[in-house]
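As structure tokens, this is what we get:
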């Protein structure tokens, strides 16, 4: 018997498990997110459909990168993701 790579869930699987692939000649990588933070964010939006992005980011600040990470947006600006909460 083999252990499954991805388990079915009612949470957003793309955010929970992350993904990587190639399409139209470009690669993409979506890092996995912390399970409890993701569940809190889903619960927040279910209870308050008018929740803003900032509300969601308070409970789910970013990907689950235990050593930190760097994001670069389209304008070339850097945003550092750390273990610190907003």
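Numbering (our numbering), first residue to last: 335 to 420. Glycine residues also receive a C-beta, built at the ideal position from the N, C-alpha and C atoms.
Residue burial classification, residue i (beta-carbon count within 10 angstroms, cutoff 16)
i: residue 364; result: exposed
i: residue 338; result: exposed
i: residue 340; result: exposed
i: residue 394; result: buried
Cβ neighbours of residue i in the same chain (closer than 6 Å, five flanking residues each side left out)
i: residue 450; result: Here the chain covers residues 335 to 420 and nothing more, so residue 450 does not appear.
i: residue 351; result: 340 and 366
Neighbourhood of residue i by C-beta distance below 8 Å, restricted to the same chain and skipping five residues each side
i: residue 353; result: 362, 363 and 364
i: residue 346; result: 372 and 376
i: residue 378; result: 385, 389, 390 and 393
Residue i CB to nearest heavy atom of the ligand PLP below 7 Å
i: residue 369; result: This structure lacks the ligand PLP, and indeed carries no ligand of any kind.
Nearest residue (CA-CA) to residue i, options the options
i: residue 348; options: 335, 357, 336 and 368; result: 368
N-terminal and C-terminal residue of the beta strand (DSSP E) that residue i is part of
i: residue 353; result: 353 to 357
i: residue 364; result: 360 to 364
Alpha helix (DSSP H) segment containing residue i, residue limits
i: residue 337; result: Element bounds for residue 337: n/a, residue is neither H nor E.
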